[in-house]
Amino acid sequence: NAGVTQTPKFQVLKTGQSMTLQCAQDMNHNSMYWYRQDPGMGLRLIYYSASEGTTDKGEVPNGYNVSRLNKREFSLRLESAAPSQTSVYFCASSSKPGFTEAFFGQGTRLTVV
Amino acid sequence: GESVGLHLPTLSVQEGDNSIINCAYSNSASDYFIWYKQESGKGPQFIIDIRSNMDKRQGQRVTVLLNKTVKHLSLQIAATQPGDSAVYFCADTNAGKSTFGDGTTLTVKP
Chain A
591 NAGVTQTPKF
601 QVLKTGQSMT
611 LQCAQDMNHN
621 SMYWYRQDPG
631 MGLRLIYYSA
641 SEGTTDKGEV
651 PNGYNVSRLN
661 KREFSLRLES
671 AAPSQTSVYF
681 CASSSKPGFT
691 EAFFGQGTRL
701 TVV
Chain B
27 GESVGLHLPT
37 LSVQEGDNSI
47 INCAYSNSAS
57 DYFIWYKQES
67 GKGPQFIIDI
77 RSNMDKRQGQ
87 RVTVLLNKTV
97 KHLSLQIAAT
107 QPGDSAVYFC
117 ADTNAGKSTF
127 GDGTTLTVKP
């Protein structure tokens, strides 16, 4: 099993450009998450989807949108990238929200210049 | 606001020694805690978890202790090995959402 797969692994954007980060999981998990990790810091929740068809804001949602395309896929979109969005983005999934561990992808390293 | 923090950003230990990584949390409503390990260039990986109705839980070479009175969590790694070198995060979960601390970088000296 691949687990959680993120694409792309690296991306450089110019300020104002848009892009979508893709995430897919093959573990039949109900819940999926998007986090960002800045240097020397922990992960901060951007958006999450407790189950297919639902999405909710996390700690730092401004400047992002998400789509839970189906049970497997959860995408993160930056409509107008800003240098402050330079970060490493992690997608994760879990069987249910709470009382279960999350499984993480390898991350997308995004630089906005 | 609520936060989860680790006491020390870095910890250096000798191979074979025991390691203790500490974490303080502030959300008294947290009901589930996880320790993750993150190696360079990779996503976090689950190590061990504990529910708020427990004080201690043991895994293979790892033990997590929870003190709800002082809102403190610790991860003990027995006989630390070079492969344990990584960043360790604690995370508390409340209402299905996890809050991560900033991480402790563990370096194991041969």
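Residue numbers (the numbering used here), protein chains in the order written: chain A, 591 to 703; chain B, 27 to 136.
Every residue, glycine too, gets a C-beta built ideally from N, C-alpha and C.
Beta bridge counterpart(s) of Q596 (chain A) as assigned by DSSP
A:C613
From the DSSP output, read off the bridge partner residues of V602 (chain A).
A:T701
Determine the chain B residues that contact A640 (chain A) at a beta-carbon separation under 7 angstroms, and present them in chain order.
G122
Residues in the stretch 31-47 of chain B with C-beta within 8 angstroms of chain A's C-beta atoms, listed in sequence order?
P35
In this structure, how does DSSP classify S674 (chain A) when only helix, strand and coil are distinguished?
helix
I believe S641 (chain A) touches N620 (chain A) by the beta-carbon criterion, under 8 angstroms. Please report the beta-carbon distance rounded to the nearest angstrom.
About 5 angstroms separates the two Cβ atoms, so the contact holds.
Any Cβ of chain B within less than 7 angstroms of the Cβ of P687 (chain A)?
yes
Nearest to L666 (chain A) by alpha carbon, out of A:G593, A:S674 and A:P651?
A:P651
Give a yes or no on whether the minimum CB-CB distance between E663 (chain A) and chain B is below 7 angstroms.
Not closer than 7 angstroms to any Cβ of chain B, the Cβ of E663 (chain A) fails to qualify, so no.
Which chain A residues are close to F126 (chain B), counting only those with a beta carbon under 7 angstroms from its beta carbon?
Ordered by position in chain A, the residues that pass the 7 angstroms Cβ test against F126 (chain B) are G632 and L633.
For E28 (chain B), which residues from the same chain have a beta carbon less than 7 angstroms from its beta carbon, with the 5 sequence-adjacent residues on both sides left out?
Below a pLDDT of 50, predicted positions are generally treated as unreliable, and E28 (chain B), at 40, falls in that range; no measurement from the model is reported.
Cα-Cα separation, K63 (chain B) to I73 (chain B):
So the alpha carbons of these two residues sit roughly 7 angstroms apart.
Using 8 angstroms for Cβ pairs, my map puts V678 (chain A) next to Q601 (chain A). What's the rounded Cβ distance?
Contact doesn't hold; Cβ gap of about 11 angstroms is too wide.
Could you tell me whether the stretch 36-44 of chain B touches the stretch 690-700 of chain A, using the rule of 3 or more Cβ pairs below 8 angstroms?
no
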